[in-house]
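**Student:** Pasting a structure below so you can have a look.
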Amino acid sequence: MKIRFCEHNKGKGKVYRRLKEEFPDLDIKIKDCVKQCGVCREMPLATVDKKKVTVRDGDELYVLIVALIQKEAYGQ
273 MKIRFCEHNK GKGKVYRRLK EEFPDLDIKI KDCVKQCGVC REMPLATVDK KKVTVRDGDE
333 LYVLIVALIQ KEAYGQ
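Remember, my numbering sits 272 above the position in the sequence shown when you count from 1.
Put into structure tokens, the structure is as follows:
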């Protein structure tokens, strides 16, 4: 699973640090750009396996990404 955050997105910092701490084996990076500029300016954003994930705030983004990680890990 590849998780990417845009360097310019305001919601990335705390989410990125928590994910790196809890899931050190996953491929999680902050990139210069994830080519989602319209959404990136408006709300927290990440790409998970090249799929756009957006929510209202950083805490929701973290919860959603963790749910996706668990779904993949347990095949649900």
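C-beta atoms are modelled at their ideal positions from N, C-alpha and C, and glycine is treated no differently. All figures in this text were calculated on a predicted structure; none of them were measured in a lab.
Could you check which residue in 341, 345, 336 and 325 has the C-alpha nearest to that of residue 278?
**Tutor:** As a first step, residue 278 is located in the sequence shown; it is residue number 6 there, counting from the start. The residue with the shortest Cα to Cα distance from residue 278 is 325.
**Student:** Nearest to residue 300 by alpha carbon, out of 341, 282, 314 and 347?
**Tutor:** Mapped onto the sequence shown, residue 300 falls at position 28. It is 341 whose Cα lies nearest to the Cα of residue 300.
**Student:** For residue 291, I'd like the list of residues in its chain whose CB is within less than 6 Å of its CB, leaving aside the five on either flank, ordered along the chain.
**Tutor:** Counting from 1 along the sequence shown, the entry for residue 291 is found at position 19. Cβ neighbours of residue 291 beyond the five flanking positions: 300.
**Student:** Excluding sequence positions up to five away, which residues of its chain have a Cβ less than 6 Å from the Cβ of residue 338?
**Tutor:** On the sequence shown, position 66 is the one that residue 338 refers to. Closer than 6 Å at Cβ, skipping near neighbours: no residue.
**Student:** Hey, out of 319, 331, 305 and 309, whose CA is closest to residue 274's CA?
**Tutor:** As a first step, residue 274 must be located in the sequence shown, where it is residue number 2. The shortest C-alpha separation from residue 274 is found at 319.
**Student:** Just how far apart, CA to CA, sit residue 303 and residue 311?
**Tutor:** Stepping through the sequence shown from its first residue, residue 303 is reached at position 31. Stepping through the sequence shown from its first residue, residue 311 is reached at position 39. Cα to Cα, the separation comes out at about 16 Å.
**Student:** Going by DSSP, what residues sit across from residue 278 in a beta bridge?
**Tutor:** Working through the sequence shown from its first residue, we reach residue 278 at position 6. DSSP output for residue 278 lists 303 as bridge partner(s).
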